[in-house]
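Here is the structure we will look at, set down as structure tokens.
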Amino acid sequence: DTQKLWKDLSDKNTKVVVQIAPAVRVGISEELGQKDGENVMGKIVGALKRMGFDEVFDTSTGADLTVLEETGEFISRLENNERLPLFTSCCPAWVNYVERTYPEMMSNISTCKSPMQMFGSVLKEHYSHSSKRIVNVAIMPCTAKKFEADRDEFKVDGVKDVDYVITTQELIAMIKEAGIVFSEIEPEAVDMPFGVSSGAGVIFGVTGGVTEAVLRRVLDDKSVSTLRTIAFNGVRGMSGVKETSITVNDKELKIAVVSGLKNADDLVKKIKSGEAHYDFIEVMACPGGCVGGAGQPFTMFEGKQKRGEGLYAADKMSSLKRSEENPVMISLYSGLLKGKVHKLLHVNYNRGE
13 DTQKLWKDLS
23 DKNTKVVVQI
33 APAVRVGISE
43 ELGQKDGENV
53 MGKIVGALKR
63 MGFDEVFDTS
73 TGADLTVLEE
83 TGEFISRLEN
93 NERLPLFTSC
103 CPAWVNYVER
113 TYPEMMSNIS
123 TCKSPMQMFG
133 SVLKEHYSHS
143 SKRIVNVAIM
153 PCTAKKFEAD
163 RDEFKVDGVK
173 DVDYVITTQE
183 LIAMIKEAGI
193 VFSEIEPEAV
203 DMPFGVSSGA
213 GVIFGVTGGV
223 TEAVLRRVLD
233 DKSVSTLRTI
243 AFNGVRGMSG
253 VKETSITVND
263 KELKIAVVSG
273 LKNADDLVKK
283 IKSGEAHYDF
293 IEVMACPGGC
303 VGGAGQPFTM
313 FEGKQKRGEG
323 LYAADKMSSL
333 KRSEENPVMI
343 SLYSGLLKGK
353 VHKLLHVNYN
363 RGE
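All letters in the sequence shown, in the order written, are residues 13 to 365 by my numbering.
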């Protein structure tokens, strides 16, 4: 993939746009002479611009879209008491696992595309009238994202929404191949019109982050104390299985956060046997979530913890804590997405119905 991508980057008739997943910004640093888990997003943007990428975006913007769509779906299922628990759908390895192992539970998987695929669809739509050929690239912490981008569900007339998926490790190799001294790169901002994302979108890269982002949206009380309540309610931390409950509209919701497929499998068995009941379940195939993805430089438990801390620090620094506060969302829903929400943001897997 990288050799083909270099050719596209040097083609004057091709516009190459790229999105960067949250976990990449904290997973690349130690290999390029920075501190473990340091958030080097600005430097990555600067390096990509030097390499010839025309527009650089943040997948956290796609994550904000996912939060809004998944929350709407969750509330609808709760009100109708149907197809619960709702399983998250942003981890392709998890979706593949359910398809192969528990096809009868596919209807419990959210219909929302992953942040990468949502943003991929939005970018292709945004540039659909460009005079240049558009190449849409995603830099991901995950090898399974390559297979996700190849799925027929994410192609329009045989053309992929996301043309290339490059892992963090492959990006490191490309930076070195280009002769870029990463420590000397001046940080740059991501491009408009999609250059804003919330802290809720950034924490998608760590186990529990999706759940925390959804709870920030679901709870009516938007105070700072509510943010603290959510953060310290058991969804954070590197434990492979976390459980919590939270009251929404006088109803107590049971929530599970799972990372690692063995833990997920054990939980599904308990649900199927009637031993456990949940309303919402976040699943990430990789221990610790995307910060420990198979496309990232290998690290032990402590390294994953530092990467997670890097994302929580970015969230803390963000003035926008909730996805619905992102002005990009407001302009997307009133513009580009009008009448196209289901087509661009949702997917119809074979749901065993």
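Virtual Cβ for every residue (Gly too), placed ideally from N, Cα, C. All values reported here derive from a predicted model rather than from experimental measurement.
What is the DSSP secondary structure of LEU332, counted as helix, strand or coil?
Three-state result, LEU332: coil.
Cβ of VAL208 within 9 Å of Cβ of LEU332?
Cβ distance < 9 Å, so VAL208 and LEU332 count as in contact.
Which residue spans inside the region 117-159 form an unbroken beta strand (DSSP E) run of at least 3?
For the region 117-159, whole beta strand (DSSP E) runs of length 3 or above, ordered along the chain, are 145-152.
Run through the DSSP bridge pairs and tell me what PHE292 is partnered with.
LEU98, ILE267.
Do the region 93-109 and the region 284-300 meet, that is, are 3 or more Cβ pairs less than 8 Å apart?
The region 93-109 vs the region 284-300: in contact.
What is the DSSP secondary structure of TYR176, counted as helix, strand or coil?
Here TYR176 sits in strand by DSSP.
Quick test of your reading: ALA190 and VAL177, contact by CB under 8 Å. State the CB separation rounded to the nearest angstrom.
The Cβ separation is near 19 Å, so there is no contact.
When the Cα of GLU321 is compared with those of VAL353, GLU43, ASP48, which residue comes out closest?
With distances taken between Cα atoms, GLU321 lies closest to ASP48.
Distance, Cα to Cα, GLU336 vs LEU44?
The alpha-carbon atoms of GLU336 and LEU44 are separated by roughly 35 Å.
For ILE87 and VAL107, which I take to be in contact (beta-carbon distance under 8 Å), what is that distance rounded to the nearest angstrom?
In fact, because the Cβ distance is near 22 Å, the residues do not count as touching under 8 Å.
Once DSSP output is grouped into helix, strand and coil, what is the label at VAL30?
Looking at VAL30 - three-state DSSP - the assignment turns out to be strand.
Can you look up THR311 in the DSSP assignment and give me helix, strand or coil?
Here THR311 sits in coil by DSSP.
Work out the CA separation of TYR139 and ASN25 for me, nearest whole Å.
Computed Cα separation, rounded: 14 Å.
Using the rule of at least 16 other Cβ atoms within 10 Å of the residue's Cβ for burial, across every protein chain shown, is ASN261 buried or exposed?
By the 10 Å Cβ count, ASN261 comes out exposed.
Got a sec: is the Cβ-Cβ distance from ALA325 to anything in chain B below 9 Å?
The displayed structure is made up of one protein chain only, and chain B is not part of it.
Please report the straight-line C-alpha distance between LEU273 and MET63, rounded to a whole angstrom.
Their Cα atoms are separated by approximately 36 Å.
With H, G and I counted as helix, E and B as strand and the rest as coil, what does DSSP make of LYS24?
The answer is coil: DSSP assigns LYS24 none of H, G, I, E or B.
Measure the alpha-carbon distance for THR123 versus ASN148 and round it to whole angstroms.
Going from the Cα of THR123 to the Cα of ASN148 covers about 23 Å.
Taking the beta strand (DSSP E) that LYS254 belongs to, which residues open and close that run?
Here the beta strand (DSSP E) through LYS254 covers 253-260.
May I have a chain-ordered list of the beta strand (DSSP E) segments no shorter than 3 residues that lie completely inside the region 49-120?
The qualifying runs are 67-70.
Count the CB pairs spanning the region 25-39 and the region 126-136 that are closer than 8 Å, and state whether there are at least three.
Enough Cβ pairs lie closer than 8 Å, so yes.
Would you tell me roughly how many angstroms separate the C-alpha atoms of VAL171 and PRO104, rounded to the nearest one?
If I take the Cα positions, the gap works out to 19 Å.
Out of ALA326, ASP278, LYS263, which one is the CA nearest neighbour of THR113?
The shortest Cα separation from THR113 among ALA326, ASP278, LYS263 belongs to ASP278.
Using CA atoms only, rank isn't needed, just tell me which of SER126, LYS27, ARG95 is closest to MET118.
Closest option to MET118, Cα to Cα, is ARG95.
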